[in-house]
Each structure stands twice: as structure tokens, then as C-alpha cells.
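Encoded as C-alpha cells, the structure appears first; notes follow it.
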Amino acid sequence: MNKETQKRNNYNTEILNALENKYGVSIDYIRKCLRGVRIGVVPSKIISEYEEVAKQIDEAAAPIITKLINDN
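Mapping of the sequence shown onto the working numbering: residues 800 to 871, in sequence order.
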């Protein structure tokens, strides 16, 4: 028997903890919202906020990474 290969999502734990504190829900619930298991008004807010913050973090880290690459 072969195991199925499935992509595991890795979520930013700092963002998950911040959303947990903001909405008062569990981290498991937030992960389910991000996977699309939960639907509704609050899950859509959680998804949009997570994506917005993750994008801001990626944009902030990009110059630092390019600087490290170019310094060699």
C-alpha cells in the first residue's frame, strides 16, 4: 500500500496566536477556517486578515533576504 502524498499547510503561528486573541476562538478553528472547512462571516474575516498580515510579513522580509543574498 502506498501512502497518499498530500501537501501540509504550514501557517504562521504568530498570526494564528494574534487571531486567536482577537476573535476568542481556538487555533484549530482558525486552521479549519483557513482550509475552508468552516464557512460564514467570521471565517471569511479570519481568512482575509490572515492573508493580509502574511502578505505584509512577506513584503517586509523580502528586502532583508535580498540583502543577505547580495552581500555574498
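For glycine and all other residues, C-beta sits at the position ideal for the given N, C-alpha and C. Model, not experiment: these values are computed from the prediction.
Asked, Found
"Just confirm the distance between the C-beta atoms of L833 and Y849, as a whole number of angstroms; I'd bet it's less than 8 Å.", "6 Å"
"Should I814 and I856 be called a contact, given that it needs their Cβ atoms to be closer than 9 Å?", "yes"
"With DSSP collapsed to three states, give me the class of S825.", "coil"
"My assumption, with CB atoms under 8 Å, is that V841 sits in contact with Y822. Please give the rounded CB distance.", "7 Å"
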